[in-house]
Every structure is written in structure tokens, then in C-alpha cells.
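Quick note: the sequence shown, position 114, residue 115 per my numbering, numbers continuous. All residues carry an ideal CB built from backbone N, CA and C; glycine is no exception. Notes to accompany the following structure.
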Amino acid sequence: MSDPILTAGVDEAGRGPLAGPVFAAAVILDPARLIVGLADSKKLSPNRRERLAAEIRVKALAWALGWADVAEIDRINILQASLLAMRRAVMALSVMPERALVDGNRCPMLTCPSQAIIRGDSSVPAISAAS
């Protein structure tokens, strides 16, 4: 039996606000350490979201954050800044993924194959974890 492909889930936060940086997270889940209750973070209570975040930090094979600041947003626009934040999150992982599944309809430029999944934060556990 072959080993599972190391897959990073990637999602961003912060495109809605008018001011402030945009953040992104990348998470590689450990198939041997199940995390129950992963879902789109916007659909979770603040308490449940905090508990899951703590569990993800402990159980994931790797997780990382990336961001683009206000000056970068002003210079390259919010969409490109979001993609930059996602790229930075993936590149900051302590384990490099073999593929990335990205919430939304566009993927950042990465060193691994990537796939955009609309509403992936509701349907793909690794993206839910990044959410």
C-alpha cells in the first residue's frame, strides 16, 4: 500500500475588511490523528473554533501562517495580496506538501501542484483546518 499524498489545505481570511492585513493558513493533517468536527470556521461558534484551533496545532503534521500587509495590498491589490499570503503560508510549512487544495477559485503560484475548490472550507478537511 502506498503512503498518502502530503496534502496542504489552504485558506485566507481578511479579504472582507476595508483595512488591515490579509492572512492565510496552510495545514497538513496527519491521517493517523483524526480531528473530529472540522468545518468552515465561519459556521463554528467562537469557543468551538478556539478548541479546534488548539487541537489542529497539536495534531497536524504541519501548519503555518502567511500574510500580506496593507502596503502590499495597496501596491498589488487585495486578490494578489491574498494569493501572496497563501503562498507564504505554504512556503512556511515545516513539511513541504506534495499538493495543495485551496479554498476558492484561484490558486497561488506554488512549487507543488494545486487545485482550487470552491467552498472547499466546507467540504475538504484540510481546508477546513486552515479555515
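Do you know how far the Cα of Ala131 is from the Cα of Glu13?
-> 8 Å
Starting from the Cα of Leu62, find the closest Cα among Asn48, Leu35 and Arg120 and give me that residue.
-> Leu35
Cβ pair count under 8 Å reaching 3, the region 75-87 against the region 39-56 | no
Between Ser124, Gly21, Leu66 and Leu30, which lies nearest to Ala93 when the distance is taken from Cα to Cα?
-> Leu66
Cβ neighbours of Asp31 in the same chain (closer than 7 Å, five flanking residues each side left out) = Lys60, Ala61 and Leu62
By the 10 Å Cβ neighbour count, where 16 or more other Cβ atoms means buried, how is Ser115 classified, buried or exposed?
-> buried
Would the beta-carbon of Ala25 fall within 9 Å of that of Ser95?
-> no
With a Cβ-Cβ cutoff of 9 Å, do Ala9 and Ala86 count as a contact?
-> no
How big is the Cα-Cα spacing for Phe73 and Val23?
-> First, the amino acid is wrong: residue 73 is Glu here, not Phe. Glu73 and Val23: Cα-Cα distance of roughly 10 Å.
Decide if Val37 is buried, meaning its Cβ has at least 16 other Cβ atoms within 10 Å, or exposed.
-> exposed
Neighbour-count burial assignment, Gly105, 16 or more Cβ in a 10 Å radius | buried
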